[in-house]
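Novice:
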Amino acid sequence: MRRFFGNLTPSAWIGFVILVAIVAVAVFGPLLAPHPLDEPIGVPLTRPTEGAPFGTDFLGRDVLSRTLWGGRSVLGLAGIATVLAYAGGMAVGLAAGYSRSLLDPLLMRVSDVMLSFPALLFLLVLVTGAGSSKTVLVIGVALVQMPLVARIVRAATLEQSVRGFVEAAVARGERATAVVRREIVPNILGSVTADIGLRFTYSIILVASVNFLGLGLQPPDADWALIISENRAGLTLNPYVILVPAALIAMFTISVNVVGDAVARNLGISTARRRLVR
Amino acid sequence: MTKPVLLVRALRVELDSGLPIVEDLDLDLRGGEVVGIVGESGSGKTTMALALLGFTRRGVAIRSGTVEVEGSALTEGGERSVRSLRGRLVSYVAQDPGAALNPSLRVGDLVGDMLRAHDAGGKAEGKVMAALRGVNLPAEQEFLRRFPHQLSGGQQQRVAIATALVCGAKLVVLDEPTTGLDVVTQARILNEIQRLRSEQNVAIVYVSHDLAVVSSIADRVAVMYAGRIVEEGPTAELVARPRHPYTRGLLSSVPDPVRPRRIQSIPGVSVGVGDRPPGCAFAPRCLQRTEPRALMEAPPFEQIDTHHRVRCFEWHRTPSLEWEAPLITKSSAPGVDLLEVDSLTAGYGSRLAPLEAVRNVSFSVAPGECLAIVGESGSGKSTLARCIVGLHPQRAGRVLLEGAVLAPGAARRTREARRRIQIVFQNPNESLNPRHRVGNAIARPASILRKLSAQDADEEAARLLGMVRLSLGLRDRFPGELSGGERQRVAIARALSAKPDLIICDEITSALDVSVQAAVLELLSELRAELGLALVFITHDLGVVASIADRMLVLESGAIREQGGVAAVLSDPQDDYTRRLVAAAPRLMTSPALPHLSEVE
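Protein chains in written order, with this note's numbering: chain W, 4 to 281; chain U, 142 to 742.
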């Protein structure tokens, strides 16, 4: 862990604190919510009152409660999708970058074809064809991201695979899996994690977009993107119903990126930095 | 007495944190004079070179002292006024011309930009042409339109020098201008510099780590250690009778291609900027220090002769150099050849456009023998090394280990074959995985190739660390925390961990400082004697060849030009190409003497 979080800059610390806070809101929010997510408590779209600090939504439900409920799906679905995208992308990228055979062009051309589809179009076709379920949504988002991850992993792998220590491992007859696992993977983690924030952000946007279009989660589920979508007509009557979930999504994506960058920096320069400090 | 062109007084350059990089620097230089600044990495020589232009890198500042060129101070006045002096009065040629020349500008613009910056417009093209002619480059329209990547390394460096001289600078600071060029090109550039200083009467500061090169071009030499000049004097005097123990150590680290002698390294490692000790910075590595004085106070810069100054309390005790220190004689046991390479051909490129890097090369190595393979960059020597260890595909020919043909690829060789031949690469930063601890890196070949248990392999790693003279404490460090010399020792220990019969050393000392190189060469000689190892030592440095190898072969464009005993080949080269290499090889000179171009060409 020290390798990942050894030296954090002040901005990285702030990002880290915000990230932890928002994850806590998403995970524990439903336990703290004063009302169930689909219980009308007053006049629709009223501004904040004593009982409802962020007012009510277009059906008169408590915005605070729905926001507290709505984080799990955003973070959970985007998180799982990102992990799946990385699992697949790492496998494809490492295989393509290290093989030096026909496998490389084969895998990369397939990736290119996948990249040439507009992401949202791909998702909409998938959701329309396979039905709108959380599983389809997650797999779809992962598939959209996978070629991007694969390209970065492949480029980093190519760069490492010509270095002396990789050749030394090949010369002493290590198996390909051992070379990749011991010599290459630890050295590409830096450049790969630099990108993880961006990928996660993109996953959130994709999940939110599909939900916003009403093809992902279905009402009365609460979801930050869905809340924004449902209430967009009421922006002038009660702006909080849009602003609060929007701010949470924004803060979350920014903090993920700040922390991702900091971790990548630590992975990249940790040894050099430690030497200077010493 | 003419007024000095360059006058530096009490210059101190610091990091923002207040740590000094260069201190107490005094330097005078007259027109047409060449002073060589010699130092190893971390000695502050590049910082000093830049400070002569009143320039510092980010995070570094000139704290006190003055730099004057032709009476104009570069350490005073705003950035604006100093900038107008740079290029006009004093100019700089950086180490790597490939990196210093903007790849998107043409030669004409690269040189012309300097004129435009100093408002010397009008007739600009004529001046550019004259400057190019001045460094023996073709002054043609076609040449002006070329991009840097269309030039050879030597031409690039000439363009950089032409740029430095185009505005008529009185002082040129050359920072390692020939490092990275092959010896023949280096000899040509040195001749060029020599001619320019006498024709144009410019003063030249020549910064280098290579004492042999400096001694062949400089009138005076200043040796830097830990940010200070520790000795300065006329080249002949300083080389013949060094007074500072560090200078003496450096000189005895330099191998000589023509008079082979045993090289001796300096104990310890040179100090970085952060950990310079108080008192005499060299004291911890010095054999003649007086305690506690040298550890408490810094020695003054003492005038010991009209032109010779030294910063040492005990300079009169420094013993003179043993120029004739005998080589350890090595003998190779006759018998079956350990390694035989039989008409090997290998290359790059596709089947349609093949490029042959190695052509029909045959040689053999006896057990315990050291064979040097000498060649310039691009001669195919690294490809040859990679073929032997099975990292590069062969087009034709065979590699045999004790008479048994080896498969071309490492993966298809027997474990025993992989164990018996090991390779150490040029750059220790590249050859050690930055994520593996030193102990694990060394233990790995033992467990893979000798099938030792994890515990035995760890014990073996500890033993090998001792064998390459590293402390056991380094076992849990990462390579990034070691110095270059330490890393190369770890790489050697990793090769030894397989208990090989033969180690291929691919330019293993060329990324190291001379004194570190000397230590690594000493270590290899000792290991050979201890373990009966055979070595294939690949290098471009004839001095290194002379000090370590029994036999040598000279490679040019992938083909063997000459092979034979080291003494025979170096003293009486038969082939034209070998003769040129030997003539161009830099040697320690007691008076500036460059190889004649006629011999080099």
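Beta carbons: idealized from backbone N, C-alpha and C, even for Gly.
#1: Considering Cα atoms alone, identify which of U:PHE619, U:ARG426, U:ARG539 and U:LEU391 is closest to ASP654 of chain U.
#2: Could you please tell me which residues of the stretch 530-547 of chain U, in chain order, have their CB closer than 7 Å to any CB of chain W?
#3: Starting from SER349 of chain U, trace the beta strand (DSSP E) in both directions and tell me its first and last residue.
#4: Pick from U:ILE407, U:GLU648 and U:ARG221: whose alpha carbon is nearest that of GLY521 of chain U?
#5: In its own chain, which residues sit with a C-beta less than 8 Å from the C-beta of GLY206 of chain U, not counting the 5 before and 5 after it?
#6: Counting contacts by CB-CB distance shorter than 8 Å, is GLU42 of chain W in contact with chain U?
#7: Quick check on SER121 of chain U - is its C-beta less than 8 Å from some C-beta in chain W?
#8: Would VAL176 of chain U and VAL210 of chain U qualify as a contact pair, given that the criterion is a beta-carbon distance under 8 Å?
#9: Quick one: grab the DSSP three-state call for LEU22 of chain W.
#10: Just to confirm, are THR196 of chain W and VAL266 of chain W a CB contact at a threshold of 8 Å?
#11: What are the start and end residues of the beta strand (DSSP E) that includes THR59 of chain W?
#12: Mind checking if ARG576 of chain U is an interface residue toward chain W, Cβ cutoff 8 Å exclusive?
#13: Using only the alpha-carbon positions, how far apart do ILE583 of chain U and ASN260 of chain W sit?
#14: Can you tell me which of the three DSSP states PRO383 of chain U falls into?
#15: Which of the three DSSP states, helix, strand or coil, is assigned to CYS528 of chain U?
#16: Just mark LYS592 of chain U as buried or exposed, buried being the case when its beta carbon has 16 or more other beta carbons within 10 Å.
#17: Are the C-beta atoms of ALA275 of chain W and some chain U residue less than 8 Å apart?
#18: Flag GLU671 of chain U as yes if its beta-carbon sits less than 8 Å from any beta-carbon of chain W, otherwise no.
#19: Determine whether the beta carbon atoms of VAL502 of chain U and LEU525 of chain U lie at a separation below 8 Å.
#20: Is the shortest distance between the beta-carbon of ASN501 of chain U and the beta-carbons of chain W less than 8 Å?
#21: Which whole-angstrom value describes the C-beta separation of ALA639 of chain U and ALA587 of chain U, a residue pair presumed to lie in contact below a C-beta threshold of 8 Å?
#22: List, in order along the chain, the chain W residues whose C-beta lies closer than 9 Å to that of LEU573 of chain U?
#23: What residues in the stretch 581-592 of chain U have a beta carbon less than 9 Å from any beta carbon of chain W?
#24: Could you check whether the Cβ of ARG278 of chain W sits closer than 8 Å to any Cβ belonging to chain U?
#25: Nearest chain U C-beta to TYR101 of chain W closer than 8 Å, yes or no?
#26: Per DSSP, which residues does LEU593 of chain U bridge with? Please list them.
#27: For ASP552 of chain U, would you say it is in contact with chain W, using Cβ-to-Cβ distances shorter than 8 Å as the test?
#28: Quick check: is the beta carbon of ASN568 of chain U nearer than 8 Å to any beta carbon in chain W?
#29: For ARG281 of chain W, does the three-state DSSP call read helix, strand or coil?
#30: How about THR486 of chain U and GLU455 of chain U: do their beta carbons lie closer than 8 Å?
#31: Any beta carbon of chain U sitting closer than 8 Å to that of PRO189 of chain W?
#32: How would you label LEU106 of chain W, buried or exposed, when you count the other beta carbons within 10 angstroms and need 16 or more for buried?
#33: For ASP830 of chain U, which beta-bridge partners are listed by DSSP?
#34: Exposed or buried, which one is GLU181 of chain U when buried takes at least 16 other CB atoms within 10 Å?
#35: Using the Cβ count rule (16 or more neighbours within 10 Å means buried), how would you classify PRO383 of chain U?
#36: Determine, for PRO161 of chain U, whether the minimum Cβ-Cβ distance to residues of chain W falls below 8 Å.
Specialist: By the coordinates alone:
#1: Cα-wise, what sits closest to ASP654 of chain U is U:LEU391.
#2: VAL530, GLY531 and LEU532
#3: 344-349
#4: U:GLU648
#5: VAL149, ARG150, ALA151, LEU152, ARG153, LEU166 and THR216
#6: no
#7: A question about residue 121 of chain U goes unanswered here, because the residues of chain U that appear run from 142 up to 742.
#8: no
#9: helix
#10: yes
#11: Premise fails: THR59 of chain W is in no beta strand (DSSP E) and is neither H nor E.
#12: It does: the Cβ of ARG576 of chain U has a partner Cβ on chain W nearer than 8 Å.
#13: 38 Å
#14: coil
#15: helix
#16: exposed
#17: Bear in mind that a pLDDT of 39 at ALA275 of chain W, under 50, signals an unreliable position, so the number given afterwards is only what the model happens to contain. For ALA275 of chain W, at least one C-beta of chain U is nearer than 8 Å to its own C-beta.
#18: no
#19: Yes. Within cutoff.
#20: no
#21: 7 Å
#22: GLY167, PHE168 and ALA171
#23: Cβ contacts with chain W: ALA582, ARG585, PRO586, ILE589 and LEU590.
#24: Because ARG278 of chain W sits at a pLDDT of 37, beneath the cut-off of 50, its placement in the model cannot be relied upon, and the point is left open.
#25: no
#26: BP columns for LEU593 of chain U are empty, so no partner.
#27: It is worth fixing the name first, because residue 552 of chain U is Ala in this sequence and not Asp. Chain W contact via Cβ: present.
#28: yes
#29: Because ARG281 of chain W carries a pLDDT of 31, less than 50, the predicted location of this residue cannot be relied on, and the following value inherits that uncertainty. If DSSP states are grouped into helix, strand and coil, ARG281 of chain W belongs with coil.
#30: Their beta carbons are not under 8 Å apart, which means THR486 of chain U does not touch GLU455 of chain U by this criterion.
#31: Chain U contact via Cβ: present.
#32: The residue in question, LEU106 of chain W, is exposed, as its Cβ has fewer than 16 Cβ neighbours within 10 Å.
#33: Within the shown structure, residues of chain U are numbered from 142 to 742, placing residue 830 of chain U beyond reach of any answer.
#34: buried
#35: buried
#36: no
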